[in-house]
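Here's the structure we're looking at; comments come further down.
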Amino acid sequence: MGGDKKVSHRYFEGGGHGKTVIAECTLTEEAISRVLKTTVDELLDLAFVGTHGAVASGMQSVAFTPATAIAAMFIATGQDVGMVGTSSMAHGTALRVEGGLHVSIRLPGLEVATIGGGTTLPYARSWLRLMNCEGPGKVYRFAQIVAAATMALEISASAAMATAGSENFYKAHFERGGLR
Numbered sequence: 009m010g011g012d013k014k015v016s017h018r019y020f021e022g023g024g025h026g027k028t029v030i031a032e033c034t035l036t037e038e039a040i041s042r043v044l045k046t047t048v049d050e051l052l053d054l055a056f057v058g059t060h061g062a063v064a065s066g067m068q069s070v071a072f073t074p075a076t077a078i079a080a081m082f083i084a085t086g087q088d089v090g091m092v093g094t095s096s097m098a099h100g101t102a103l104r105v106e107g108g109l110h111v112s113i114r115l116p117g118l119e120v121a122t123i124g125g126g127t128t129l130p131y132a133r134s135w136l137r138l139m140n141c142e143g144p145g146k147v148y149r150f151a152q153i154v155a156a157a158t159m160a161l162e163i164s165a166s167a168a169m170a171t172a173g174s175e176n177f178y179k180a181h182f183e184r185g186g187l188r
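Just so we're aligned: 147 in this note's numbering is position 139 of the sequence shown, and the numbers increase by one with no gaps anywhere.
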């Protein structure tokens, strides 16, 4: 029943290694319109389709792209990149509230460290120091920062995918990606 470095339902329940972290925020309708260029209704429609698609396909987690943010943070800070899979198990939610949208993401097995291993490398240590996450006693702070970065990417990617026809998502990938 060992799930080390392998995605499993047991890890999703929180029975694996790492920290269980929840990041949440409330986005105002004005910010969703001005910054994210979408609407609360479009984001909720996407969340509905994404959740049901995840369940229908047998996914162990319900989120769009947590592995991207987590892998970036892991590489920069000397984490074990083999843990990206289990650390990326996530459950995102979106709920309409007065004046906006409350969003959250739960990472039940975020496997991070602030001492030992790759965190002792100078480049990794400098990033941990910059975030005030260097050394003993800083692992929960670091886990919270990784969760916040993950949620920020979820919000950004969701807004791009939620626009009518996903034109902005496609356009950004076409103009800034490798499809030229």
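Backbone N, C-alpha and C fix where the C-beta goes; we use that ideal spot for every residue, glycine too.
- Sequence-distant Cβ neighbours of R149 in its own chain, meaning closer than 6 Å and more than five residues away, are C141.
- With contacts defined by Cβ atoms closer than 7 Å, E50 and A170 form a contacting pair.
- A Cβ-Cβ distance of about 4 Å is found for the pair G100 and A71, placing them in contact under the 8 Å criterion.
- Contact annotation: G143 and T36 have beta-carbon atoms that are not nearer than 7 Å.
- Sixteen is the threshold: since fewer than 16 other Cβ atoms of the shown chains lie within 10 Å of the Cβ of L129, the residue is exposed.
- Take the alpha-carbon of K27 and the one of L103: they are about 25 Å apart.
- Counting C-beta pairs with one atom in each stretch, the region 76–86 and the region 59–67 have fewer than three that are closer than 8 Å, which means they do not touch.
- Straight across, the Cα-Cα distance linking L118 with E38 is about 32 Å.
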